[in-house]
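Numbered according to the working numbering, the sequence shown spans residues 1087 to 1169. Following: one structure in structure tokens, then a few remarks.
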Amino acid sequence: MDSMQSKNTLPKQSLKTKEEVEEEKDPLEEMLDRTGCKQIHYSLQECMYEHRDWRKCQDLVNNLRNCMLKHEQTRTIGDNNSQ
């Protein structure tokens, strides 16, 4: 019984408080915040959930792609100007 109990418990140092979990930010969320494409991404997710077919969400797919490309171009121009 003791060996079974030790397998089911995590070491104390690996447990996180609720505040620590809430403070951690998803890398995708961070990227979407930086690009400004967050709302389009969420709209695309909703469309995909509703239709279960990416072909029915092509307008949003294209909008997200264009938004990401615009961010990339802006970032690339900014990087080139700083050199």
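Just so it is clear, CB atoms sit at the ideal spot from N, CA and C, and this is done for glycine as well.
Tell me the rounded alpha-carbon separation between residue i and residue j.
i            : j            : result
residue 1131 : residue 1156 : 20 Å
residue 1125 : residue 1103 : 30 Å
residue 1145 : residue 1162 : 25 Å
residue 1139 : residue 1160 : 31 Å
residue 1143 : residue 1112 : 24 Å
residue 1166 : residue 1133 : 37 Å
What is the DSSP secondary structure of residue i, reduced to helix, strand or coil?
i            : result
residue 1110 : coil
residue 1123 : coil
residue 1101 : coil
Considering just the uninterrupted stretch of the alpha helix (DSSP H) at residue i, what are its terminal residues?
i            : result
residue 1142 : Here residue 1142 belongs to no alpha helix (DSSP H), and DSSP marks it neither H nor E.
Classify residue i as buried or exposed, calling it buried when 16 or more other Cβ atoms lie within 10 Å of its own Cβ.
i            : result
residue 1150 : buried
residue 1137 : exposed
residue 1114 : exposed
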